[in-house]
Structures are given as structure tokens and as C-alpha cells.
Ligand SMILES: *Cc1c(COP(=O)(O)O)cnc(C)c1O
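Numbering (my numbering), first residue to last: 372 to 843.
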């Protein structure tokens with residue numbers, strides 16, 4: 372071992388010494404002693420390891436004072452909440468890594484007021500007897516979708532699992548080969564099917580599945596016909612599939628239930644805004660499909676939830692499945708869900724107030740103005756550190772909805788002067804309000820479709836602090 376390493380090891384303060392220094396630090400005055408101790412042990416152990424092995428993540432300070440200063444910075448950072456607000460400059464509207472859909476302010480207000488005190492979660496206020504938590508959204512879901520009954524669970528993956536387990540355990544489920552999808556985060560239809568106790572029967576080919584393929588696969592063991600909406604990819608070219616209506620008819624003829632996993636689940640026809648038509652929940656219900664499942668936080672624009680709508684006799688069986696208790700929706704989500712669903716009673720209201728829908732339907736010109744406004748407001752403040760330009764780009768809906776659709780949009784393009792673009796991208800992720808952006812042709816692009824007006828000052832502050840070298 373080199374002498375400098377030995378010297379450094381001798382320089383390492385002990386925990387007692389460190390705590391004396393840290394307790395006197397004004398920067399750390401708000402941090403409980405217990406946490407200071409924990410962080411100090413953690414930091415000193417890691418530093419010792421680094422010195423001994425010559426490997427490790429922490430750089431090597433060389434004097435006791437430097438070590439204590441770096442420890443202070445480490446603790447300050449460590450004490451920040453881990454889960455925080457970020458600015459989405461990616462232009463991907465339903466971004467699963469960034470929390471998918473944003474809730475409207477009116478919904479957040481309801482969430483707070485409803486959860487400040489006790490609530491009638493499972494109480495029937497008329498009879499004073501025990502009620503069901505599902506009642507708060509059951510009739511509005513029926514009203515909006517035309518279904519006979521509904522049930523909500525933790526998320527759509529849970530919804531699919533619960534339906535399969537209730538209606539097709541130890542039975543066969545017929546699915547088209549073109550619909551055996553994987554939806555990120557290890558949700559694969561064949562695996563879910565297996566765990567639910569249902570047996571997968573694949574029919575057709577990847578690009579073409581016909582009515583008679585389903586027909587021929589039906590046996591006395593068939594429990595369910597399943598359609599899965601291919602939300603995150605498209606098979607194009609020489610293709611053929613069986614419509615919801617045809618499959619529903621086939622099911623009726625044979626007395627077999629038919630389910631569709633719709634994935635995104637949308638109530639508003641977005642083709643009026645130039646988007647590819649996604650099937651609407653109410654259309655799938657009207658086509659005669661017995662059970663439809665979809666997410667609460669994709670195109671619906673609400674909280675994470677799995678929504679099941681369909682025939683009452685089937686929904687009643689699904690409700691009674693003991694697994695339902697494990698997948699049940701919590702009171703915060705229910706409050707947000709009812710509040711979001713109420714906005715859909717008036718479609719213009721929904722389009723204006725629900726951020727996911729508002730961002731999707733925002734005219735290109737409005738996004739452009741926001742980008743121009745940002746540049747004009749902050750160009751002087753930034754000019755020593757970067758060049759800011761207006762650049763046309765494309766946003767995406769995300770969340771596995773309308774995957775091939777590009778929405779024309781506008782970005783603020785940043786060319787840093789003193790940093791590499793990749794450094795800027797990394798530093799932006801570490802500012803007080805982190806900013807997520809993408810790099811294209813050596814420029815950092817901040818797509819203004821997914822940045823709200825209220826976020827502009829925080830965006831500017833983040834950009835400025837990331838650009839100024841000694842600020843982090
Ligand atoms: C997204 C999706 C799911 C999973 O829904 P979560 O709400 O994320 O659990 C299931 N099926 C399809 C077709 C999907 O698009």
C-alpha cells in the first residue's frame with residue numbers, strides 16, 4: 372500500500388469526531404442525530420473500502436477537513452426526499468417511468484378534502500349498514516360505458532389476472548397468436564395466463580387469425596375467448612383479425628364468455644384531433660363483449676387502477692373471488708377515480724381539464740408559443756452558457772396507446788457552451804426539480820408539449836443551475 376493511502380487512512384475521522392463537526396454545521400441543523408450517525412457510518416465505511424481497495428464510487432478527499440466537508444454534502448443530498456417532482460421534457464405524454472397520467476387540480480383538491488377526515492368508504496349512508504367501496508364508481512362506470520356492472524382493482528394487470536382466474540381457472544382460453552403481447556414490466560399474456568390457472572390455446576398466425584381458427588379450437592374445455600388490444604405495437608401489411616363483434620357472436624353461439632383486454636381504455640374519440648382511432652370502451656361494450664378491462668392511468672388520464680366492466684352475472688362472480696381482496700383499490704385511488712369519471716360526464720370538460728387529454732389535443736401552435744415564450748423570457752439569463760433555439764419535433768402519446776402516432780410539436784433546443792450535451796442531460800436529472808430531456812444531433816431537446824406553463828420558472832432555474840459549472 373502506498374504511503375499516501377496510509378496517510379489518508381490515518382486522516383479518516385472517527386464517528387464521534389465527525390458527529391461533533393456535523394452537529395455544529397448549520398447546513399445540517401434540520402437533520403435528526405440518528406440519521407447523521409447512520410450516514411456517517413455509511414460514508415466512512417465506504418471511504419475506507421475505497422482507500423483499501425482502490426475501487427469504489429466515492430472520490431478520495433485528502434485531508435480530514437475535506438473528508439468532513441464532503442460528508443456534509445453527502446448527507447445533505449442523502450436527506451432529500453427520494454421521490455420527487457420532475458419536469459417531463461421528453462414529449463412522451465403517458466410516460467410510465469414518470470408516473471403516467473397527471474391528475475387535474477380539481478381531482479387533487481377532492482383527494483385532499485376527502486381524505487382529511489373520515490369518509491364513507493364502506494358505509495351505506497342511507498341504511499347505516501356496511502356498504503361496498505366499489506359502489507362509489509360502479510354506476511358512473513356503467514353510465515359512461517353502457518355496461519351492466521363494473522369493478523375496480525389495483526391496476527389493469529390485476530384486472531386481467533382476476534378475470535382469468537375467476538372465469539377460466541382449469542379451463543382453456545383461446546387467444547390469437549397475433550395478440551400474445553408483452554407490455555413492459557414483465558406483463559406477458561402467456562405468463563399471466565399460466566399463473567391464473569388458465570390454459571392458453573393459441574390460434575391463427577402472427578399476422579392472420581380467422582373466425583374459423585377460433586371456431587375450430589372450441590372444445591368442452593373452453594372457458595373463455597380472449598381478445599387483447601395490441602396497444603404497444605402494430606402488425607401491418609397482410610393481416611387479418613376477428614372483430615370484437617364477430618368474436619362476441621361466436622361466444623354467444625357456443626355459450627362461452629368473451630373478454631377483451633383493452634389496455635389503454637379511452638372514452639373520447641381522439642380521431643377528431645387527427646389521431647389514429649383507438650377503440651372506445653363504450654364501443655367494445657356495445658359490440659357484445661362480456662368483459663372489458665382497461666387501465667385508469669393511460670388514456671383515461673386518471674389514477675393507477677384496473678377497471679373491469681361487463682355483464683352483471685360475470686362481474687358478480689369476479690367480485691366474490693377471494694383474490695379480489697388482495698388486489699383491492701385503496702381509498703385515495705377511489706376518490707381520484709370517481710372525480711376523474713365525473714369529468715367525463717361532459718366531454719368538453721374532460722378534454723380541457725384532464726392533463727393527459729389536454730396535452731394530446733393541444734394544437735401544435737399552442738406548443739410553439741410556449742417554446743417561443745420560454746426562449747424569449749430566459750435567453751438573456753442563459754446566453755453566456757448556452758444557445759437556445761426553437762426546433763420542430765414530435766411528441767408521443769406513450770403508455771402503449773397509438774404507438775405509431777407522432778404528434779407534431781416544438782422543442783427548446785439547448786446547445787451548451789461549456790459542457791458536453793450528455794453532461795448537461797445528466798446534470799439536469801440532478802437539479803432540485805430534475806428535468807428529463809432527450810439528445811438529438813448534439814442538442815438537448817426539451818419538448819414543450821409536456822411542460823406546463825407553471826413549470827417554466829422551475830425549468831429555467833434547473834437549466835441554469837445545470838449549465839453553471841460550480842453550482843452542483
Ligand atoms: C398497459 C396494459 C396492461 C397493463 O395495465 P396496467 O394498468 O399497467 O397494469 C395490460 N394489457 C394491455 C393491453 C395494456 O396495454
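For every residue, glycine included, the Cβ atom is placed at its ideal position computed from N, Cα and C.
Computed from a predicted model, the values in this text were never measured in an experiment.
For residue 712, collect the residues of the same chain with a Cβ closer than 8 Å to its Cβ; drop the 5 residues on either side in sequence, then sort them by chain order.
Only 508, 511, 512, 515, 673 meet the Cβ criterion.
Beta-carbon gap between residue 686 and residue 598 smaller than 9 Å
Cβ distance not < 9 Å, so residue 686 and residue 598 don't count as in contact.
Alpha-carbon spacing of residue 791 relative to residue 725, whole angstroms:
37 Å
Are the CB atoms of residue 560 and residue 553 nearer to each other than 9 Å?
yes
What three-state label does DSSP hand residue 579 in the structure shown?
strand
List the endpoints of the continuous alpha helix (DSSP H) containing residue 547.
Not the alpha helix (DSSP H): residue 547 falls in the beta strand (DSSP E), residues 543-547.
Give the DSSP-derived three-state secondary structure of residue 596 in the structure shown.
strand
Inter-stretch contact at 8 Å, needing at least 3 Cβ pairs: the segment 381-391 / the segment 414-428
Judged by Cβ distances under 8 Å, the segment 381-391 makes contact with the segment 414-428, as three or more pairs qualify.
Considering only C-alpha positions, which residue in the set 838, 813, 806, 836 is nearest to residue 826?
806
With C-beta atoms as the reference, is residue 756 less than 9 Å away from residue 839?
Annotated as proximal: residue 756 and residue 839, with beta-carbon spacing under 9 Å.
Distance, Cα to Cα, residue 558 vs residue 566?
12 Å
Flag residue 581 as yes when its Cβ comes closer than 8 Å to any non-hydrogen atom of ligand 1, and as no otherwise.
False, no ligand heavy atom lies under 8 Å from that Cβ.
Assumed close pair residue 776, residue 768 - CB separation to whole angstroms, cut-off 8 Å
That pair is a contact at about 6 Å.
Distance check for residue 382 and residue 372, CA to CA, integer angstroms please.
Residue placement at residue 372 cannot be trusted, given a pLDDT of 49 that sits under 50; the coordinates are not used to answer.
Distance between residue 833 and residue 455 (C-alpha atoms, nearest Å)
14 Å
If you draw a straight line from the alpha carbon of residue 600 to that of residue 520, how long is it in whole angstroms?
Rounded to whole angstroms, the separation of the alpha carbons of residue 520 and residue 600 is 21 Å.
Looking at the structure shown, is residue 801 part of a helix, part of a strand, or coil, going by DSSP?
coil
Is the segment 573-584 in contact with the segment 606-618, if contact means three or more CB pairs nearer than 8 Å?
Verdict: yes, contact present.
In three-state DSSP terms, what is residue 738?
helix
Answer with buried or exposed for residue 406, where buried requires no fewer than 16 other C-beta atoms within 10 angstroms of its C-beta.
Here residue 406 is exposed. Its C-beta has fewer than 16 other C-beta atoms within 10 Å.
Return yes when the Cβ of residue 667 is within less than 9 Å of the Cβ of residue 844, no when it is not.
No answer is possible for residue 844: it lies beyond the span of the chain, which begins at 372 and ends at 843.
Could you check whether residue 524 and residue 402 sit closer than 9 Å to each other, using their CB atoms as the reference points?
Between residue 402 and residue 524, the C-beta spacing is not below 9 Å.
With distances taken Cα to Cα, identify the nearest neighbour of residue 734 among 705, 750, 752, 765.
765
Contained alpha helix (DSSP H) runs [length at least 4] in the segment 672-746, N- to C-terminal order:
683-691, 694-697, 702-714, 718-724, 726-732
Name the DSSP beta bridge partners of residue 760, please?
784
Going by beta carbon distance, what residues of the same chain come within less than 7 Å of residue 721, once the five residues before and after it are set aside?
639, 714, 715, 728.
Classify residue 459 as buried or exposed, calling it buried when 16 or more other Cβ atoms lie within 10 Å of its own Cβ.
buried
Taking contact to mean at least 3 C-beta pairs separated by less than 8 Å, is the segment 529-540 in contact with the segment 689-705?
yes
Does DSSP put residue 622 in a helix, a strand or coil?
Annotated three-state conformation of residue 622 is helix, per DSSP.
Residue 808 and residue 748: beta carbons closer than 9 Å?
Not in contact: residue 808 and residue 748 (Cβ atoms no closer than 9 Å).
My output table needs one value for residue 557: the three-state DSSP class, helix, strand or coil.
coil
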